[in-house]
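Trainee: If you scroll down you'll find the structure; I have some questions about it.
In the working numbering, the protein residues as written are 1418 to 1673.
The following block contains the structure:
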């Protein structure tokens, strides 16, 4: 990346900051556990004083796209049949239903959902009830999709427990939701409940605003505006002297 920026785009200087750290900065924090829930993968990234603790970063290959596909499966098994131009068109339409109506149940076994009707972008009508919360449950029970491994709450717990005992309380007290899938209603409350049961300590899950998928961009703009930020830059002269290897020497970058 440094080679491209300096040799192709001729930038005078650059800095490298992890996406998770930028999201944390956007919330006004420098320490916390960032739970990034995207479309294809989920990550738990502990950050301490702006630095990612790379040995404790964990990954779950389950995210928004899996929930959309699961909702398609639930609706199909229920007997619903819709006409779509292509599989991608089907995923887009059902994904729209998920974004508007799906939520995370606080207690899955006791949950009941009000039946709701929704008009798809192409004009077709769909009625959905229990599927509204059933489609989100794999985030906590990957086995529902035939996947092995931990749910989000267990991943968060394991990530924090890999960190130094002295900072765990601070991490548990600042669990930041990030990414488009984190916009599911009820996810912060469910995570708080589940992680508290595992950790046996006070847990605070922060859901700062609705458009959390843009928080890394917002954090980057805030960081770049600081006068002290230039201290982290790599200059063109430094790059010319040391080459791309200077990135690895100057920054601690996670492998995810």
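Think of the CB as a built atom: it goes at the ideal place given N, C-alpha and C, for glycine as much as any other residue.
May I ask you to list the residues that DSSP assigns as paired with residue 1568?
Mentor: None, per the DSSP bridge assignment.
Trainee: Using the beta-carbon count (16 or more within 10 Å), is residue 1654 buried or exposed?
Mentor: Residue 1654 comes out exposed.
Trainee: On the DSSP letters alone, give me the boundaries of the beta strand (DSSP E) that residue 1453 sits inside.
Mentor: Where residue 1453 is concerned, the enclosing beta strand (DSSP E) stretches over 1449–1454.
Trainee: Would you report the Cα separation of residue 1652 and residue 1516, rounded to the nearest angstrom?
Mentor: Distance between the alpha carbons of residue 1652 and residue 1516: 43 Å.
Trainee: Taking contact to mean at least 3 C-beta pairs separated by less than 8 Å, is the region 1426–1445 in contact with the region 1560–1568?
Mentor: Short answer: they don't touch.
Trainee: Does residue 1446 come out as helix, strand or coil in the three-state DSSP assignment?
Mentor: Residue 1446 falls in the coil class under three-state DSSP.
Trainee: Measure how close the beta-carbons of residue 1593 and residue 1444 come, nearest whole angstrom, since I'm counting them as under 8 Å.
Mentor: At roughly 6 Å, the Cβ-Cβ gap stays under 8 Å, so residue 1593 and residue 1444 are in contact.
Trainee: Figure out for me which residue from 1647, 1598, 1606, 1668 has the closest Cα to the Cα of residue 1483.
Mentor: The option with the nearest alpha carbon to residue 1483 is 1598.
Trainee: CB-CB under 6 Å to residue 1477, same chain, minus the five flanking residues each way: which ones, in chain order?
Mentor: Taken in chain order, the residues that qualify are 1459, 1572.
Trainee: Quick check: what's the CA-CA separation for residue 1535 versus residue 1513?
Mentor: Roughly 10 Å between the two C-alpha positions.
Trainee: Going by DSSP, name the residue or residues bridged to residue 1468.
Mentor: Residue 1468 pairs with 1465.
Trainee: Buried or exposed for residue 1551, going by 16 or more other Cβ atoms inside 10 Å?
Mentor: Residue 1551 should be labelled buried.
Trainee: Buried or exposed, going by whether 16 or more other CB atoms sit within 10 Å of the CB of residue 1568?
Mentor: So residue 1568 ends up on the buried side.
Trainee: Looking at C-alpha atoms only, which residue of 1662, 1601, 1590 is the closest neighbour of residue 1629?
Mentor: The shortest C-alpha separation from residue 1629 is found at 1601.
Trainee: Taking Cβ to Cβ, would you say residue 1579 is nearer than 7 Å to residue 1473?
Mentor: In this structure, residue 1473 lies closer than 7 Å to residue 1579 by Cβ.
Trainee: How big is the Cα-Cα spacing for residue 1421 and residue 1447?
Mentor: Each residue's Cα considered, the two are about 29 Å apart.
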